[in-house]
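> Take a look at this one; I'll ask things after.
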Amino acid sequence: MPSCSIKNTHDAFMLRACTQLGYEQSTFELLLRASREIHLELPLRRDDGSIVVYNAYRVQHHNARGPYKGGLRYHPDVTIEDVRGLACLMSLKTALVDIPLGGAKGGIDCDPSSLSERELEMLTRKFVDKIHRNIGSNLDIPAPDVGTNAQVMAWIQDEYSKIYGYTPSVVTGKPIVTGGSQGREEATGRGVGIVLREYARRCGKLLDGKSVVIQGFGNVGSHTARILGQMGMRIVAVSDIRGGIYNPAGLDLRDVEAHHRKYGTVVGTDGAEPVDNSTLLELECDYLIPAALGSVIDGTNAGRIRAGIVVEAANSPVTYDGSRILEEAGITVIPDILANAGGVVVSYFEWVQNIQQFSWSLEVIQRRLNRKLQVAVDEVCTLVDAERCSYRDAAYRIATRRLKEAFFAAGF
Ligand code: GLU
89 MPSCSIKNTH DAFMLRACTQ LGYEQSTFEL LLRASREIHL ELPLRRDDGS
139 IVVYNAYRVQ HHNARGPYKG GLRYHPDVTI EDVRGLACLM SLKTALVDIP
189 LGGAKGGIDC DPSSLSEREL EMLTRKFVDK IHRNIGSNLD IPAPDVGTNA
239 QVMAWIQDEY SKIYGYTPSV VTGKPIVTGG SQGREEATGR GVGIVLREYA
289 RRCGKLLDGK SVVIQGFGNV GSHTARILGQ MGMRIVAVSD IRGGIYNPAG
339 LDLRDVEAHH RKYGTVVGTD GAEPVDNSTL LELECDYLIP AALGSVIDGT
389 NAGRIRAGIV VEAANSPVTY DGSRILEEAG ITVIPDILAN AGGVVVSYFE
439 WVQNIQQFSW SLEVIQRRLN RKLQVAVDEV CTLVDAERCS YRDAAYRIAT
489 RRLKEAFFAA GF
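Plus 88 on top of the position in the sequence shown (first one is 1) and you've got this note's numbering.
Laid out in structure tokens, this is it:
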């Protein structure tokens, strides 16, 4: 990695962007560092009477363009370094799609699959109890991320509203019945579809019948599979934490979804052969879509990737080293801050609806999401064509410049 202040993947990409933009090292350091980092200890009494203490984090990276915004992750491997990097990534994402929000990320190092519903609810409410002064509609607005969902957001909303009065705009990604938005749940997957369609249109590529491998079948992976399937693409492999399934002729997504609903995993779906998660990444395909956790393509396996194009539906699935190897191999990468921005764009729409106390139809949401992402893809592709740079470099340059301009306009 290129500098001593570089701690993770986006830092390195951001340094590259700053260098290409001719910014001084001090500007890079300023843009990189978060304005506030919160570390909490959360004791929880388990159902069996034992007590466990979890670490909870919220990193508020940047609010010069609007309130801090970003997901809350429940995963046993969550660390402050990850959360810090993901918070910075959110600032870049909101800047790239040009919505008036900053960047933040939170996490609790728990394994939600091993907690009961009651334990999850207690933990979430306890988190709000400790953090409520630092979140809010005009301050910091959490949303779902890996291991959290609309239910977790409803608990946050409820606990927060007990203190401040009914405040749906304190979180996005809520259930529709408590003020959530139409189209929010599928928004990241729909966004992947829109970005891919616009990219293909700009490059004169046909998507129909092209093979797709998707790692992950959670909120992002499952909706991405469905939407790309509807666009006529051939989904040949999908996976979840238990493993993957592969059929080069194309999976029947209705069967996969039904199996997943019934057994909680895609593994065992009829008409497909099993494949493990690391082999799945190395399958030959037109589009490889990592849609689960970060750093799954790194310096050790990037050389074995046999996809034409990698689309980062997850946050930061390709490391800096992995990215260099893919680039040298001529594999295009559509970066996370563009590919998965549909989620936060519809979060923004949800926030606007809550503030206006008015709701928009699904049709309005989809039209506005389409428009937002079309503009972003167009800007990135125009820079790629003009500078002959990678999509990542173009996206990071546009986002970093917007961040810097807002930061400096706000003053010190
Ligand atoms: N967790 C999602 C992301 O990483 C959504 C964030 C949000 O909507 O605030 O983009």
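Ideal placement from N, C-alpha and C gives every residue a C-beta, glycine not left out.
From Lys350 to Arg342, what does the alpha carbon distance come to, in whole angstroms?
Rounded to the nearest angstrom, the two C-alpha atoms are 12 Å apart.
> CB Asp374 to CB Gly396, shorter than 8 Å?
Cβ atoms of Asp374 and Gly396: closer than 8 Å.
> Assuming His127 is part of the beta strand (DSSP E), what are its boundary residues?
Residues Arg124 to Arg133.
> What is the residue span of the beta strand (DSSP E) that Ile422 lies within?
Per DSSP, Ile422 belongs to the beta strand (DSSP E) from Thr420 to Ile422.
> Given 7 Å as the limit, tell me if Ser383 has its C-beta closer than that to any heavy atom belonging to the ligand GLU.
No, Cβ of Ser383 sits at least 7 Å from all heavy atoms of the ligand GLU.
> Taking Cβ positions, are Ile229 and Trp448 nearer each other than 8 Å?
No; because the gap between Cβ atoms is not below 8 Å, this pair is not in contact.
> Could you say which of Arg124, Ser123, Glu125 and Asp99 lies nearest to Gln113 if we only look at CA atoms?
Considering only alpha carbons, the answer is Asp99.
> For the pair the stretch 119 to 139 and the stretch 400 to 420, tell me if three or more CB-CB distances fall below 8 Å.
No, the stretch 119 to 139 is not in contact with the stretch 400 to 420.
> Which residue wins for smallest C-alpha separation from Leu491, given the options Gly194, Asn96 and Ala105?
Checked all of Gly194, Asn96 and Ala105; the closest Cα to Leu491 is Ala105.
> With burial defined as no fewer than 16 other Cβ atoms inside 10 Å of the residue's Cβ, what is the status of Cys291: buried or exposed?
Cys291 should be labelled exposed.
> Quick one: what's got a C-beta closer than 6 Å to Ser257's C-beta in the same chain, skipping five residues either side?
Same-chain partners within the cutoff: Ser225, Trp439, Asn442 and Ile443.
> Hey, would you say the C-beta of Asn403 is under 7 Å away from at least one heavy atom of the ligand GLU?
At least one heavy atom of the ligand GLU is nearer than 7 Å to the Cβ of Asn403, so yes.
> Between which two residues does the beta strand (DSSP E) harbouring Ile244 extend?
Segment Ala238 to Tyr252 is the alpha helix (DSSP H) holding Ile244; no beta strand (DSSP E) there.
> Suppose you measure from the CA of Thr488 to the CA of Arg133; what does that come to, to the nearest Å?
Approximately 43 Å between the Cα atoms of the pair.
> At a cut-off of 7 Å, would you count Pro263 as near the ligand GLU, judging by its Cβ distance to the nearest heavy atom?
Outside the cutoff, so no.
> Run through the stretch 351 to 435 for me and flag every whole beta strand (DSSP E) of 3 or more residues, listed as ranges in chain order.
Runs of the beta strand (DSSP E) inside the stretch 351 to 435: 361 to 363, 373 to 378, 395 to 399 and 420 to 422.
> Would you report the Cα separation of Val141 and Leu369, rounded to the nearest angstrom?
Near 35 Å, if we compare the C-alpha coordinates of Leu369 and Val141.
> Among the candidates Arg394, Thr115 and Gly279, whose CA atom is the shortest distance from the CA of Leu376?
Nearest option by C-alpha distance: Arg394.
> Quick one: Cα of Pro232 to Cα of Ala238, how far?
Their Cα atoms are separated by approximately 7 Å.
> Would you mind giving the Cβ-Cβ distance between Asp199 and Asn143, rounded to the nearest angstrom? I have them listed as a contact below 8 Å.
In fact, because the Cβ distance is near 13 Å, the residues do not count as touching under 8 Å.
> If you follow the beta strand (DSSP E) that Tyr142 is in, where does it begin and where does it stop?
Per DSSP, Tyr142 belongs to the beta strand (DSSP E) from Ile139 to His150.
> Do the stretch 422 to 432 and the stretch 170 to 188 touch if we need at least three Cβ pairs shorter than 8 Å?
Segments in contact, yes.
> Keeping to the same chain, check which residues put their C-beta closer than 6 Å to that of Met321; ignore five residues upstream and five downstream.
Taken in chain order, the residues that qualify are Leu295, Lys298 and Val300.
> Spell out a yes or no on whether the stretch 269 to 288 and the stretch 243 to 259 are touching, meaning 3 or more CB-CB pairs, one atom from each, closer than 8 Å.
The stretch 269 to 288, when compared against the stretch 243 to 259, does not touch it at the 8 Å Cβ threshold.
> Would you kindly check if the distance between the Cβ of His127 and the Cβ of Tyr145 is under 8 Å?
Yes, they are a contact pair.
> Decide yes or no for the touch test of the stretch 305 to 320 against the stretch 261 to 281: beta carbon pairs closer than 8 Å, at least 3 of them.
At 8 Å Cβ cutoff, the stretches touch.
> How about Gly194 and Gly154: do their beta carbons lie closer than 8 Å?
Taking 8 Å as the Cβ cut-off, Gly194 and Gly154 do not qualify as a contacting pair.
> Does the ligand GLU have a heavy atom nearer than 7 Å to the CB of Thr260?
Under cutoff, so the answer is yes.
> Considering only heavy atoms of the ligand GLU, does any lie closer than 7 Å to the CB of Lys293?
Because no heavy atom of the ligand GLU lies under 7 Å away, the Cβ of Lys293 does not count as near it: no.
> Got a sec? Which residues, its chain only, sit under 8 Å from Asp386 by beta carbon, not counting five neighbours each side?
Cβ within range, chain order: Val406, Thr407, Asp409 and Gly410.
> Within the present structure, is the beta-carbon of Met241 separated from the nearest heavy atom of the ligand GLU by less than 7 Å?
Incorrect: Met241 has no Cβ contact closer than 7 Å to the ligand GLU.
> Are the beta-carbon atoms of Phe305 and Val354 separated by less than 8 Å?
Yes, the Cβ-Cβ distance between Phe305 and Val354 is below 8 Å.
> Does DSSP put Leu180 in a helix, in a strand, or in coil?
Helix at Leu180.
> Rounded to a whole number of angstroms, what is the C-alpha to C-alpha distance between Gly352 and Ala242?
Their backbone Cα atoms lie some 23 Å apart in a straight line.
> Alpha carbon to alpha carbon, how far is Gln108 from Met102? Give it in angstroms, no decimals.
Straight-line Cα distance between these residues: approximately 10 Å.
> Less than 7 Å between the CB of Pro232 and some heavy atom of the ligand GLU, yes or no?
Yes, the Cβ of Pro232 comes within 7 Å of a heavy atom of the ligand GLU.
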